[in-house]
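Please read the structure below before turning to the comments.
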Amino acid sequence: MTTESNSLICRDVAVGCGTVIWNFVNLYGCQIGDDCMIGAFIEIQKEVSIGHRTRIQSHTFICEKVRIGNDCFIAHGVMFINDTFSGGGPAGDPALWAETEVGDGVSIGSNATILPVKIGAGSVIGAGAVVTRDVPPNVIVVGNPAHITRRLTED
Amino acid sequence: MTTESNSLICRDVAVGCGTVIWNFVNLYGCQIGDDCMIGAFIEIQKEVSIGHRTRIQSHTFICEKVRIGNDCFIAHGVMFINDTFSGGGPAGDPALWAETEVGDGVSIGSNATILPVKIGAGSVIGAGAVVTRDVPPNVIVVGNPAHITRRLTED
Amino acid sequence: MTTESNSLICRDVAVGCGTVIWNFVNLYGCQIGDDCMIGAFIEIQKEVSIGHRTRIQSHTFICEKVRIGNDCFIAHGVMFINDTFSGGGPAGDPALWAETEVGDGVSIGSNATILPVKIGAGSVIGAGAVVTRDVPPNVIVVGNPAHITRRLTED
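Protein chains in written order, with the working numbering: chain A, 4 to 158; chain B, 4 to 158; chain C, 4 to 158.
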């Protein structure tokens, strides 16, 4: 692990070889693979798991109950969510929080908001999208709420 | 007040008993009640008032002229606004900025944007919503611009 | 240059007279004019150029290939983008990234997302807007995707 900073808080974090972590970062209880990049002003909560070669850009927040695959690109200001306020407010009990799974090779655009969903491998989430439902593999979704605008060919 | 950090800037801040403030925080001239939680990467400006047992999550910005009630949950990356650029750009004179009032028990989802409005007690603002008009009590609003999608029963 | 902080990272940054930079800032390889204001929790990447008397508010990210004019107001949580994932994911090669040019006197609202576009002088980008196309001078745009809602008179 290489860090560029004395303004870094990492507690109980397992970080793979070759991963770079920038300044002003608040990480705790999470697991990050090899050759990743974690930008500035990022918080990653406990029990998050991030695969190999995945890059997380500045100002992003990743909450408990999120798993992110290999070779993903999570852009700037992306907010993950585990509590949908389904009862009219915070669930209180973490047992009621829901999971998010981001497949391999997914790209998520800046300022996107990700409710608890599954995002299939190779899909692209547009900048500013609010993702409220599962996303199949190899599609592009945009908008609030997000909807599919294009299918990508698998190659 | 408990802080977990040496990366904390608090000037002229009145903080109640039992309130926890995390790392990388920029607070000045504001008033925060008892048993609150203030997350990382948060800025709260002067003359903001926050009630008791209210939790403010990471990456949120709260500007002058905002009052937040008791038992609220303000999620991640929420931006409050006091200047609507109504004259075609920044007002310049703070006397032209408008107020926001958030009632008790309100929940605001991640990446929401809150123009100067009143939000009634018990309402829920969906993740990614852009709130441009007043919100009555006990409703759920979502979207850009935000609109009511459900009424909550008061119990 | 005045800074209020020991939590400031500036590498290879050219900053004009009278410019104020706040706390928790990550700036590298960029050029900032005279009498600007750079808020907290801001990252500005290399080769960005910012004119005179422009104010950049907290939580904003400005990427490579962005030029911002004089007398602009960039609000909180604004994310600029240079890679549109047009090939179905990150471009990889920076030669494929696209430029953004923000004219003089532009105001950009909080939580706006700016794809690579030209924004004409004097225009206003609404809070929470996702700007996917060029914006002419002296208009107001809002929404996701952003569309023109009003023309401003030049005076």
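A virtual CB, placed ideally from N, CA and C, is assigned to each residue, including glycine.
Nothing here was measured: the structure is a model prediction, and the numbers come from that model.
Only exposed fits Thr156 of chain A, as fewer than 16 other CB atoms lie within 10 angstroms of its CB.
Chain order gives no chain B residues near Gly108 of chain A, where near means a beta carbon separation below 9 angstroms; the closest approach is about 24 angstroms. In this structure, Ile84 of chain B and Leu118 of chain B form a Cβ contact; the two beta carbons are roughly 5 angstroms apart against a cut-off of 8 angstroms. Beta bridge pairing from DSSP links His150 of chain C with C:Val145.
By the Cβ rule, the region 125-145 of chain A counts as touching the region 104-116 of chain A, because three or more pairs are nearer than 8 angstroms. Under a criterion of Cβ atoms nearer than 9 angstroms, the residues of chain B adjacent to Val127 of chain C are, in order, Phe88, Gly91 and Gly92. Note on geometry: alpha-carbon atoms of Val134 of chain B and Asn147 of chain A lie some 13 angstroms from one another.
Think of a sphere of 9 angstroms around the beta carbon of Asn73 of chain C: no beta carbon from chain B falls inside it, the nearest being about 13 angstroms out. Below the 9 angstroms Cβ cutoff, chain A contributes no neighbours of Gly36 of chain B, its closest Cβ being approximately 17 angstroms away.
The beta carbon of Leu11 of chain C does not come within 8 angstroms of any beta carbon belonging to chain B, so the residue lies off that interface. Contact annotation for Leu30 of chain C against chain A: no contact, minimum CB-CB distance about 10 angstroms [criterion: below 9 angstroms].
One finds Ala130 and Gly131 in chain A with Cβ atoms closer than 7 angstroms to the Cβ of Val133 of chain C, taken in chain order. Here Ser89 of chain B is exposed, its C-beta having fewer than 16 other C-beta atoms within 10 Å. Not a single CB atom of chain B sits nearer than 8 angstroms to the CB of Leu99 of chain A.
Classified as buried, Arg56 of chain C has 16 or more neighbouring CB atoms from the shown chains inside 10 Å of its CB.
Straight-line spacing of the CA atoms in Thr22 of chain C and Val138 of chain C works out to 28 angstroms.
Annotation: the continuous beta strand (DSSP E) that includes Val105 of chain C extends over Thr103 to Val105.
Unbroken beta strand (DSSP E) stretches of 3 residues or longer found wholly inside the region 44-91 of chain B: 45-47 and 69-71, given in chain order. Here Cys13 of chain B is bridged, per DSSP, to B:Leu30. Note: Thr116 of chain A is bridge-paired with A:Met82 and A:Val133 in the DSSP secondary-structure output.
Taking a Cβ-Cβ cut-off of 8 angstroms, Leu118 of chain A has no neighbours in chain C, whose nearest Cβ is about 16 angstroms from it. When the five nearest sequence neighbours on each side are left out, the beta carbons in the same chain lying within less than 7 angstroms of the beta carbon of Gly42 of chain B are those of Trp25, Ile59, Gln60 and Ser61, in order along the chain. Straight-line spacing of the CA atoms in Gly80 of chain B and Pro140 of chain A works out to 27 angstroms.
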